[in-house]
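Structure, as structure tokens:
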């Protein structure tokens, strides 16, 4: 079992290190934007980026997940090229149509997103970004499918570096304001597409198989409402805050929500490696036990990240980035939502792990029901909690929505593809993380006291009966065995 997990860990680490590098560079945009734009103006790019996330789902309409499944399981090279070509031509043609309509008729979308027809220039820039990103989608998926994690990470990191440099140019030097943010994104997306052209030409052929397209759409289309529901859960709090509490609260929430990136990095690294991995071992007898063990280890790492980031959040936002603090003046009061956002991302990571049954059994029609339940909880919770608790209410709504989605998928997954998840170890992680978090969050510990709590996380699991025999033997061999060899 451990050899399978080591392979998953290898690719997750590469994706993770790459995401840490790229997200850190992207994180540098936070001080640029929050020092140049006040909270009531910062909500404008935040709302448009939220809308782009929704539109990205519509532009791919589930073709990405369908492509990944069929491409990985297909062994014949020419058949793989037919799958790639059919999916790419379909996404490219529909992307041109969708972006063309947005570019020609930007006013309705400007009114829908901002309640203001004056932002048509931003909407046109968004149309270009959406098309460029759609054309980059399948080349990136090929890199994941072939487990070329290093190549994938290099291209993504270059994209972020270009985005950061262009933001500094347009927003700071040229003082282009909100428009500069999206001008920088458009140029970076086009340059990324150019970098992917060699990979694109390697796989693309003049092939378009209608029967294959029908099969891809049958598998992928149920992901559209599912993907939209997930985006709603992630983004809808901003819209409720904007309408109910005002622009400043929406900007405050959006900026502090980004501090959840520490958990988002773990989930992203895991997700990119997870789909190719679990499909590659799906027919092996030990697969269900491997899937269960992976979830346990994911929760263990997620608990430590939640604890460390939450207890040191004030120190984190006080980090100097050039002439700025990481978080601009006036935004720091929103850090109270960070533990909730971290927990919400962890719940999403559980959902990602639980997707195996739906994927392997090709029962994707369950996904709209599962994610729809989460989206319904998000809407109702925001309606109830935002008027009373403002940004904390929106954060709680996000956590409740993701937890609901993970819980529903667990029930469905066990019916489709039973996995012996280690329930007592899940409880073990939650209890220890909860005790350490409550101690550090409610009591006024100095830095060294909080550091002891975070450092003591791992030893506590070793002395409280968490490890099984295989894990204890592995630790002895790795550490005690190494010591004996040196002596």
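In the working numbering, the protein residues as written are 14 to 500. Quick reminder that beta carbons are idealized off the backbone N, C-alpha and C, glycines included.
Item	Value
Can you give the Cα-Cα distance for residue 501 and residue 431, rounded to whole angstroms?	Absent from the model: residue 501. The displayed extent of the chain is 14 to 500, so no value can be given.
If you follow the alpha helix (DSSP H) that residue 323 is in, where does it begin and where does it stop?	300-324
Of all the options 68, 61, 147, 244, which has the alpha carbon lying nearest to the alpha carbon of residue 191?	61
Can you tell me whether residue 434 is helix, strand or coil according to DSSP?	coil
Look at the alpha carbon of residue 141 and the alpha carbon of residue 390, and state the distance between them as a whole number of angstroms.	33 Å
Helix, strand or coil: which one does DSSP assign to residue 222?	coil
Among residues of its own chain, excluding the 5 on either side of residue 454, which ones have a beta-carbon nearer than 8 Å to its beta-carbon?	323, 324, 352
Taking one C-beta from the stretch 444-451 and one from the stretch 393-403 each time, how about it: are there three or more such pairs within less than 8 Å?	no
Take the Cβ of residue 350 as the centre, count every other Cβ of all protein chains shown within 10 Å, and call the residue buried at 16 or more, exposed below.	buried
Would residue 236 and residue 363 be called neighbours here (beta carbons separated by less than 7 Å)?	no
Mind checking which residues open and close the alpha helix (DSSP H) that includes residue 132?	Note, residue 132: premise wrong, no alpha helix (DSSP H); not H, not E.
Can you tell me where the alpha helix (DSSP H) with residue 411 in it begins and where it stops?	379-429
Taking residue 331 as the reference, give the member of 404, 345, 312, 42 with the closest Cα.	345
Contact defined as beta carbons within less than 8 Å: I believe residue 151 pairs with residue 80. What is the distance between those atoms, to the nearest angstrom?	6 Å
On the CB-based measure, 16 or more other CB atoms within 10 Å of its CB, does residue 477 come out buried or exposed?	exposed
Give the range of the alpha helix (DSSP H) segment to which residue 74 is assigned.	Counting along the chain, residue 74 falls outside any alpha helix (DSSP H), and DSSP gives it neither H nor E.
Please state if the CB of residue 256 and the CB of residue 267 are separated by a distance shorter than 7 Å.	no
Could you name the residues of the same chain whose beta carbon sits closer than 7 Å to that of residue 297, not counting the 5 residues immediately before and after it, in chain order?	none
Cβ atoms of residue 194 and residue 289: under 7 Å apart, would you say?	no
Are residue 411 and residue 386 touching if we call contact CB-CB under 7 Å?	no
Going by DSSP in three states, residue 331 sits in which element: helix, strand or coil?	coil
Whose C-alpha, out of 64, 51, 356, 225, is nearest the C-alpha of residue 413?	356
When we look at the beta-carbon of residue 481 and count the other beta-carbons within 10 Å, is it buried (16 or more) or exposed?	exposed
Could you say which of 169, 176, 108 lies nearest to residue 148 if we only look at CA atoms?	108
Could you have a look at residue 498 and say whether DSSP puts it in helix, strand or coil?	Annotation note: pLDDT 49 at residue 498 (below 50); position unreliable, no value reported.
Buried or exposed: residue 308, going by 16 or more other Cβ atoms within 10 Å of its Cβ?	buried
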